[in-house]
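A quick write-up on the structure given underneath.
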Amino acid sequence: MVKTEQYQGRRIFVCESCQFGYAERILAEKCEHYCGANRSCSLEITKHALKRG
Ligand SMILES: [Zn+2]
């Protein structure tokens, strides 16, 4: 499940598989889906991450 947390004063959406955080829930959901299916991250998705690892 994508979770939300505060990061640098804003709310972000975090992929529970890789802990990368995104400004938009849809990106975190895509990331989590990809991470779950491939056991690695998609550069196309993680380039949008605000918080890494
Ligand atoms: Zn991920």
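Under the working numbering, the first residue of the sequence shown carries the number 942, and numbering increases by one thereafter. By construction, the Cβ of each residue, glycine as well, lies at the ideal position given by its N, Cα and C atoms. Note that the coordinates shown come from a computational prediction; the quantities given were computed from them, not determined experimentally.
For residue 966, the uninterrupted alpha helix (DSSP H) run begins and ends at 966-979, by DSSP. In the structure shown, residue 946 falls within a strand segment according to DSSP collapsed to helix, strand and coil. The residues 961, in chain order, have a CB closer than 6 Å to that of residue 993 in the same chain once the five nearest residues on each side in sequence are set aside. For residue 943, the closest C-alpha among the options 991, 981, 973 is that of 973.
Per the DSSP secondary-structure output, residue 953 pairs in a beta bridge with 946.
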